Amino acid sequence: MFRVLTLLMLLNPLMIGCKKPSSSQEESIVRESTNVALFRMGDWTTVQEFIKANRGKVVVIDIWSTYCAPCMKEFPRLIGLQAEYGENIACASFNINYAGLPDQTPETDIEFIEPFLKRHGNSVDHIISIVNDEAIYAELEIYAIPAVLIYDKEGKLTNKVLEENAYESTIYPRVAEMLGQSKITGESDAQQN
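Here my numbering is used: the first residue of the sequence shown is 5, the next is one more, and so on.
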C-alpha cells in the first residue's frame, strides 16, 4: 500500500502538468503564434535589413497607416504586385500608425492593424513601426503617405512615389521595366510586338 501511495504522489505532479489548457489560454497561444507569422515590430533598420536580405530582387516598400484612407485603398495592389511577379520581387508593408503620443505605445493600434492585415494575408512581409511617424517622415524625407519606395536588385533606391493611385500609373510599370518586361502589366515584350 505504501508503494502505491508513493507512486501516486510522484506521478501526481506529472499528471497535473499535462492538463489541457483552458480555451482562453488556447486563444492566447493562437493569437501569439498568429501575430508572429502575420507581422513583426521594427524600425527603419528592420526595413533596411529586409531590403538587404532580398538583394537580387526588386524590392517594393509600401509605407502606410490605418489613418490613411488612400493607403488602405491601395494596399491590395501591393499584394497583387507580389502575386504577379512572385519570386522576382520582394514586397513589404511598413505601418507607421505610431505617433508617439503620451498615452500611446507602438502596440496601441495593433487592434486596428491586425484585422486589416489578416484580411489581406501574409504574402508580403508586414512591419509595424516602433518609431513615431514624424521620425520616419524625417528619416525618409517624405512629407505624406501613401509612399512607396522601389529598390533595384542591388538594394539602391530608384523611386520614391508619393502619390495616390500610383500602382497602375507608376509602380507596376516601373517594376516591369526593372524586371525587363513591358510596361503593361502581365504582357511580355514578345507579346507587345
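All residues carry an ideal CB built from backbone N, CA and C; glycine is no exception.
All figures in this text were calculated on a predicted structure; none of them were measured in a lab.
How would you label residue i, buried or exposed, when you count the other beta carbons within 10 angstroms and need 16 or more for buried?
| i | result |
| --- | --- |
| Ala-94 | buried |
| Asp-66 | buried |
| Leu-121 | buried |
| Asn-126 | exposed |
| Asn-169 | exposed |
| Leu-153 | buried |
| Ser-173 | exposed |
With DSSP run on the structure shown, which of helix, strand or coil describes residue i?
| i | result |
| --- | --- |
| Pro-74 | helix |
| Ala-142 | helix |
| Phe-120 | helix |
| Asp-129 | strand |
| Gln-69 | A small fix is needed here, since residue 69 is Ser in this sequence, not Gln. Coil at Ser-69, not helix or strand. |
| Phe-54 | helix |
| Asp-43 | With the sequence shown as reference, residue 43 is identified as Phe, and Asp is not the correct amino acid for it. Phe-43 falls in the coil class under three-state DSSP. |
| Gln-185 | coil |
| Asp-107 | coil |
Compare the beta carbon distance of residue i and residue j with 9 Å and say whether it is the shorter of the two.
| i | j | result |
| --- | --- | --- |
| Phe-200 | Trp-68 | It is not possible to answer for residue 200, since the shown part of the chain is limited to 5 through 197. |
| Gly-46 | Ile-131 | yes |
| Val-165 | Ala-151 | yes |
| Ala-148 | Gly-104 | no |
| Asp-137 | Ile-114 | no |
| Asn-42 | Glu-111 | Just to set this straight, residue 42 is Leu in the shown sequence, not Asn. Result no, Cβ atoms of Leu-42 and Glu-111 do not sit closer than 9 Å. |
| Ile-146 | Val-64 | no |
| Trp-48 | Glu-167 | no |
| Tyr-155 | Thr-162 | yes |
Note down, in chain order, each residue of its chain lying with its Cβ closer than 6 Å to the Cβ of residue i, except the 5 sequence neighbours on either side.
| i | result |
| --- | --- |
| Val-179 | Val-62 |
| Arg-59 | Gly-159 |
| Phe-265 | Absent from the model: residue 265. The displayed extent of the chain is 5 to 197, so no value can be given. |
| Glu-4 | Any question about residue 4 goes unanswered here, given that the chain covers just 5 to 197. |
Which residues in the same chain have their Cβ closer than 7 Å to the Cβ of residue i, if we skip the five residues on either side of it in sequence?
| i | result |
| --- | --- |
| Val-128 | Leu-82, Ile-83, Gln-86, Cys-95, Ala-96 and Ser-97 |
| Pro-106 | none |
Short of 8 Å in beta carbon distance, which residues of its chain neighbour residue i, apart from the five on each side in sequence? Order them along the chain.
| i | result |
| --- | --- |
| Thr-109 | Tyr-102 |
| Lys-157 | Arg-59, Gly-60, Lys-61, Val-62 and Met-182 |
| Cys-72 | Ile-149 and Pro-150 |
| Met-76 | Trp-68, Thr-70 and Phe-120 |
For the beta strand (DSSP E) that contains residue i, what are its first and last residues?
| i | result |
| --- | --- |
| Tyr-155 | 151–155 |
| Ala-96 | 93–99 |
| Val-165 | 161–165 |
Could you spell out the range, first to last residue, of the alpha helix (DSSP H) harbouring residue i?
| i | result |
| --- | --- |
| Asp-176 | Residue identity check: residue 176 is Tyr in the sequence provided, not Asp. Start and end: 176–182. |
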